[in-house]
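A.B. asks:
Protein chains: 2
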Amino acid sequence: MISRVMTAELAEHAGQRVTIAGWVHRRRQLKSVSFLVVRDRTGLAQVVAEGDLPGEENVVQVTGTVTASSQAPGGVELVKPEIEVLAEPGAPPPFDLYRPVVPAALPTILDHAPVALRHPLLRAPLEISAASVAGFRETLDRLGFTEIHTPKIVASATESGANVFGIDYFGRPAYLAQSPQFYKQTMVGVFERVYEVGPVFRAEPHDTVRHLAQYTSLDAELGFVAGHRDVMAVLREAVAGMLESVRRRAASAVSSLGVSLPAVPAEIPAIHFTEAQRMTSSDEPDLSPAQERWLSEWAVREHGSEFLFVTGYPMAKRPFYTHPDPARPGYSNGFDLLFRGLELVTGGQRLHRHEDYLTALEERGEPVEPYEGYLQAFRYGMPPHGGFALGLERWTARLTGAANIRQTTAFPRDLHRLSP
Amino acid sequence: MISRVMTAELAEHAGQRVTIAGWVHRRRQLKSVSFLVVRDRTGLAQVVAEGDLPGEENVVQVTGTVTASSQAPGGVELVKPEIEVLAEPGAPPPFDLYRPVVPAALPTILDHAPVALRHPLLRAPLEISAASVAGFRETLDRLGFTEIHTPKIVASATESGANVFGIDYFGRPAYLAQSPQFYKQTMVGVFERVYEVGPVFRAEPHDTVRHLAQYTSLDAELGFVAGHRDVMAVLREAVAGMLESVRRRAASAVSSLGVSLPAVPAEIPAIHFTEAQRMTSSDEPDLSPAQERWLSEWAVREHGSEFLFVTGYPMAKRPFYTHPDPARPGYSNGFDLLFRGLELVTGGQRLHRHEDYLTALEERGEPVEPYEGYLQAFRYGMPPHGGFALGLERWTARLTGAANIRQTTAFPRDLHRLSP
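The listed protein sequences derive, respectively, from chains A and B.
Just so you know, the first sequence maps onto residues 1024 to 1443 in our numbering.
Just so you know, the second sequence maps onto residues 1024 to 1443 in our numbering.
1) At a cut of 8 Å, does the segment 1357 to 1368 of chain A reach the segment 1308 to 1321 of chain A through at least three beta carbon pairs?
2) Residues of chain A with CB under 9 Å from B:Tyr-1192, in chain order?
3) Does DSSP classify A:Gly-1221 as helix, strand or coil?
4) In three-state terms, what does DSSP make of B:Thr-1303?
5) Flag this pair as yes or no: are the beta carbons of B:Val-1061 and B:Ile-1151 separated by less than 9 Å?
6) Could you compute how far the alpha carbon of B:Glu-1290 sits from the alpha carbon of B:Ala-1256?
7) Closer than 9 Å, CB to CB, is B:Phe-1343 near chain A or not?
8) With DSSP as the reference, label B:Tyr-1344 as helix, strand or coil.
9) Hey, which unbroken runs of the alpha helix (DSSP H) at 4 residues or more fall wholly within the segment 1130 to 1172 of chain B?
10) B:Asp-1253 touches chain A at which residues, Cβ-Cβ below 7 Å?
11) Buried or exposed: A:Val-1083, going by 16 or more other Cβ atoms within 10 Å of its Cβ?
12) According to DSSP, is B:Thr-1231 part of a helix, a strand, or is it coil?
13) Compare the C-beta of B:Glu-1378 against all C-beta atoms of chain A and say whether one is closer than 9 Å.
14) Determine the direct distance from the alpha carbon of B:Pro-1126 to that of B:Val-1085, and round the result to whole angstroms.
15) Have a look at A:Val-1041, A:Thr-1131, A:Gly-1371 and flag the residue whose alpha-carbon is nearest the alpha-carbon of A:Phe-1434.
16) Quick one: which chain A residues come within Cβ less than 7 Å of B:Leu-1109?
17) Would you list, in chain order, the members of the segment 1383 to 1413 of chain B that have their beta-carbon closer than 8 Å to a beta-carbon of chain C?
18) Is any beta-carbon of chain A found at less than 9 Å from that of B:Thr-1239?
19) Can you name the start and end residues of the alpha helix (DSSP H) that A:Asn-1323 belongs to?
20) Tell me whether B:Ser-1328 is buried or exposed, calling it buried when 16 or more other Cβ atoms sit within 10 Å of its Cβ.
21) Counting contacts by CB-CB distance shorter than 9 Å, is B:Arg-1027 in contact with chain A?
22) Let me know the secondary structure DSSP gives B:Pro-1096 once reduced to three states.
23) Could you run through the segment 1069 to 1099 of chain A and flag, in chain order, every residue whose CB is less than 7 Å away from some CB of chain B?
24) Do B:Gly-1357 and B:Thr-1369 have their C-beta atoms within less than 9 Å of each other?
25) Please list, in chain order, all residues of the same chain as A:Ala-1322 whose beta carbon is under 8 Å from its beta carbon, the five residues on each side excluded.
26) Please list the terminal residues of the continuous alpha helix (DSSP H) segment that includes B:Leu-1398.
27) Let me know if B:Thr-1239 comes out buried or exposed under the rule of 16 or more other beta-carbons within 10 Å of its beta-carbon.
28) Can you pull the chain A residues whose beta carbon is under 8 Å from the beta carbon of B:His-1346, in chain order?
29) Just the Cα atoms here: how many angstroms apart are B:Met-1405 and B:Val-1220?
30) If you run the structure through DSSP and keep just helix, strand and coil, what is B:Thr-1432?
31) Measure from the alpha carbon of B:Gly-1113 to the alpha carbon of each residue in A:Leu-1438, A:Ala-1400, A:Gly-1424, A:Lys-1103, then state which is nearest.
32) List, in order along the chain, the chain A residues whose C-beta lies closer than 9 Å to that of B:Arg-994?
33) For the segment 1044 to 1075 of chain B, list the beta strand (DSSP E) runs that are entirely contained and at least 3 residues long, ordered along the chain.
34) So which of A:Thr-1173, A:Arg-1429, A:Val-1138, A:Ser-1442 has the shortest CA-CA distance to A:Arg-1233?
35) Taking the C-alpha atoms as reference points, what is the distance between B:Leu-1140 and A:Arg-1165?
Structure (structure tokens):
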């Protein structure tokens, strides 16, 4: 390995001659003195030099003496440098990566993602995203969940029908999975508590700031619940663990983006769907984006919480595997979690009796045959269970305040974009 | 949550009246007394009962008094039980899940995966798989790697051409990604050290015991290496971390399968490709399965190691992005890691200079255009770097001695199988 000190640790080496390595983040050649700012994965370091210096995005290795400097990032700089260029770029970057504010519009950024993401403000959401996933897994591991990997190629476009990508599977038609829903429920029969972090695919024909054709879904499912509130309690733990991990693992990304991390109440406030309707003077069977925003603001005002559960969505608006509320049959044991004005998570208790599945499919006029594999799990005995799915990019966007979900993933896929 | 004690903790509650919940693993009704064995995610517990009892795979909740019994698993059993059935199966399982040896052939197991995987011996490889991935991430997190999520839908079938699945992407042709190779290299420019655990897709037209159409790839890539040996050193750490995690997190799966976990030498023995040729009296430009087996046995014999690196594969047999050995230009800085007779990992140092990529593509008669997005990373300055990819299912198969890779994943996809 190239023997080097990371820039974040430079101050610990004051007075020593050390080597750093990274990219030339900025070159400033003045009359009497010149500066290089070198960027590595931990931060920036200033080098004081003379003469002609390599330009931005040259990959360099710099050996110099660590010297105190109140002007430099981290309070130290490298002086008397020997600079070696490890790789020369073939062209200057499409925009200056050293500007404190990104001097480019989103299409330019996305077209040049391989270099644009080197900008500290553009890579920061990806750091927050990685830290969030680590916290999700950490929490569920602690709670006895087992990680699973399920098929992304499926035989039928069952779960929601529309918006699936077709694929040529050895000459047979197949589809990209829109969610691991059926598989994670099935695996409750094996491990009781399972999670999966993986890609899901939606052939979303609308070009919006909220939708991607591929996104990362954080899925969990657990058995032996008494009802949907047990699922909500686990979700509360997962979200708290994600935020704690972001605080611990992505502190510099949080601070450079100026992200305010929400507190998670010990119990997230929850209102029933009918109550939400009443409060927003609506009789529609679903909540509009405007209602979601209003309810979110209400939760902040009344409960000091940026999170709000809405429970008991009408059965007619939930998928066939949703468990009805035994006390109010037209309503479900399904819930949404709203966060900062938007639905972040959908979840609920599922049906668990084989005959209930047969009845639910029949009532919706759906054939049983495409669900054969899935229904096996219930035919052979399944406990009361439920789960939830959280879209990673949507989470990161709400957390960082990104105006467009495309800023929260390295190489977004949408109606128009298939590269880089 | 259903308030219960896990069966593995039952012995701690001797003398108390407690509730357990799970599946009826086995029912034995004798003349004077009957037994239920209840299975939950932590193990088995015996219940002593009377009269008619629910049959296998009923989901039950049992309240009883914990009593010492030298005959029972864990040394205790539940007596004076009250049994509540939470869900009744619609049919008996296709084979007895309580038999110590699985009484079914692979096709039956795969067709009935939702219930078959409940057999402790069939779920064990999945526990080892989950523990392995946790150890992989844990190790790379500790070494300063960042987790990434890359596109599984790509614009061109570049990396190896053949064996790709075509997809209809909003009316345009696209392909399922065969590996995150290009993206993980690109992200070295952003985070220096990255990893991804995710699905990859190969339209493998051969029906073998070693190939799947979808598998989980454990990918890592790191910058600022002095050469491929730095990559090999990180891989050694990752493999050691995976095994340590399996030992810690999947102890009962390891013991029920009788898996012998290999030791990882502080330095895994490595031989050059030309040496491997000489030792096996071959002049072929690649190693055959028989040669790989012979070399593995040699490493056990000579070095007491079940792992063996073969380095310096001929350039002609490696992909265009492979870095040549500066001292022996016809040979590469690429390596394979053999484990128990089979290639487990492929890796190496990559080219990092933009002009080297242009030359490499030209020499292979390949157009530059389909690689535009990828080449951006190098155009804007990339450090010397390298990485590796490890197939999770192949790893689990070698570790557990599974004869068929389909035994190491819950719902395999292959030439013939698209469900469940």
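Glycine residues also receive a C-beta, built at the ideal position from the N, C-alpha and C atoms.
As the structure is a computational prediction, the values presented were derived from the model and not from experiment.
C.D. replies: If we stick to the structure as given:
1) yes
2) Within the second sequence, numbered from 1, the residue matching residue 1192 of chain B stands at position 169. Those within 9 Å of B:Tyr-1192 in chain A are Phe-1188, Ala-1226, Ala-1236, Arg-1436, Leu-1441.
3) Locating residue 1221 of chain A in the first sequence gives position 198, counting from the first residue. Strand at A:Gly-1221.
4) Translated into the one-based positions of the second sequence, residue 1303 of chain B becomes position 280. The answer is coil: DSSP assigns B:Thr-1303 none of H, G, I, E or B.
5) Sequence index remark: in the second sequence, residue 1061 of chain B carries index 38 (1-based). Sequence index remark: in the second sequence, residue 1151 of chain B carries index 128 (1-based). Not in contact: B:Val-1061 and B:Ile-1151 (Cβ atoms no closer than 9 Å).
6) On the second sequence, residue 1290 of chain B is found 267 positions in, with the first residue counted as 1. On the second sequence, residue 1256 of chain B is found 233 positions in, with the first residue counted as 1. When rounded, the distance between both Cα atoms is 8 Å.
7) Translated into positions along the second sequence, residue 1343 of chain B becomes position 320. With 9 Å as the cut-off, B:Phe-1343 does not count as an interface residue toward chain A.
8) Stepping through the second sequence from its first residue, residue 1344 of chain B is reached at position 321. Here B:Tyr-1344 sits in coil by DSSP.
9) 1136 to 1139, 1143 to 1165
10) Taking the second sequence and counting its residues from 1, one reaches residue 1253 of chain B at position 230. The contacting residues are Met-1024.
11) Residue numbering aside, residue 1083 of chain A sits at position 60 when the first sequence is read from its first letter. Label assigned to A:Val-1083: buried.
12) The sequence position of residue 1231 of chain B within the second sequence is 208, counting from 1. If DSSP states are grouped into helix, strand and coil, B:Thr-1231 belongs with coil.
13) Here residue 1378 of chain B is taken as the residue at index 355 of the second sequence, counted from 1. Yes, its Cβ sits closer than 9 Å to a Cβ of chain A.
14) As a working mapping, residue 1085 of chain B is identified with position 62 in the second sequence. As a working mapping, residue 1126 of chain B is identified with position 103 in the second sequence. Cα-Cα distance, rounded: 28 Å.
15) Residue numbering aside, residue 1434 of chain A sits at position 411 when the first sequence is read from its first letter. The shortest Cα separation from A:Phe-1434 among A:Val-1041, A:Thr-1131, A:Gly-1371 belongs to A:Thr-1131.
16) Reading the second sequence from its first residue, position 86 is the one you call residue 1109 of chain B. Result: Pro-1406, Pro-1407.
17) Absent from the structure is chain C; the protein chains it does hold are A and B.
18) For the purposes of this step, residue 1239 of chain B is taken as residue 216 along the second sequence, with counting starting at 1. Yes, contact with chain A.
19) For the purposes of this step, residue 1323 of chain A is identified with residue 300 of the first sequence, where counting begins at 1. Correcting the residue identity first, residue 1323 of chain A is Val in this sequence and not Asn. 1312 to 1326 is the span of the alpha helix (DSSP H), which, as asked, contains A:Val-1323.
20) For this step, residue 1328 of chain B is matched to residue 305 along the second sequence. Flag for B:Ser-1328 reads buried.
21) On the second sequence, residue 1027 of chain B is found 4 positions in, with the first residue counted as 1. It does; some Cβ of chain A falls within 9 Å.
22) Within the second sequence, numbered from 1, the residue matching residue 1096 of chain B stands at position 73. If DSSP states are grouped into helix, strand and coil, B:Pro-1096 belongs with the helices.
23) Glu-1080, Asn-1081, Val-1082
24) As a working note, residue 1357 of chain B is residue 334 in the second sequence. As a working note, residue 1369 of chain B is residue 346 in the second sequence. Yes, the Cβ-Cβ distance between B:Gly-1357 and B:Thr-1369 is below 9 Å.
25) Mapped onto the first sequence, residue 1322 of chain A falls at position 299. Pro-1292, Ser-1328, Glu-1329, Phe-1330, Leu-1331, Leu-1361, listed in sequence order.
26) Start at 1 with the first residue of the second sequence, and residue 1398 of chain B comes out as number 375. From DSSP, the alpha helix (DSSP H) with B:Leu-1398 extends over 1395 to 1402.
27) As a first step, residue 1239 of chain B is located in the second sequence; it is residue number 216 there, counting from the start. Under this definition B:Thr-1239 is a buried residue.
28) Residue 1346 of chain B sits at position 323 when you count from the first residue of the second sequence. Ordered by position in chain A, no residue passes the 8 Å Cβ test against B:His-1346, which lies about 12 Å from the chain.
29) Within the second sequence, the letter at position 382 stands for residue 1405 of chain B. Within the second sequence, the letter at position 197 stands for residue 1220 of chain B. Between B:Met-1405 and B:Val-1220, the C-alpha separation is close to 23 Å.
30) Translated into the one-based positions of the second sequence, residue 1432 of chain B becomes position 409. Coil, per DSSP.
31) Working through the second sequence from its first residue, we reach residue 1113 of chain B at position 90. Checking every option, the nearest Cα to that of B:Gly-1113 belongs to A:Ala-1400.
32) For residue 994 of chain B there is no data in the structure shown, the boundaries of chain B being 1024 and 1443.
33) 1057 to 1063, 1066 to 1072
34) As a first step, residue 1233 of chain A is located in the first sequence; it is residue number 210 there, counting from the start. Of the candidates A:Thr-1173, A:Arg-1429, A:Val-1138, A:Ser-1442, the one whose C-alpha sits nearest the C-alpha of A:Arg-1233 is A:Arg-1429.
35) By 1-based counting over the second sequence, the position of residue 1140 of chain B is 117. By 1-based counting over the first sequence, the position of residue 1165 of chain A is 142. For B:Leu-1140 and A:Arg-1165, the distance between alpha carbons rounds to 23 Å.
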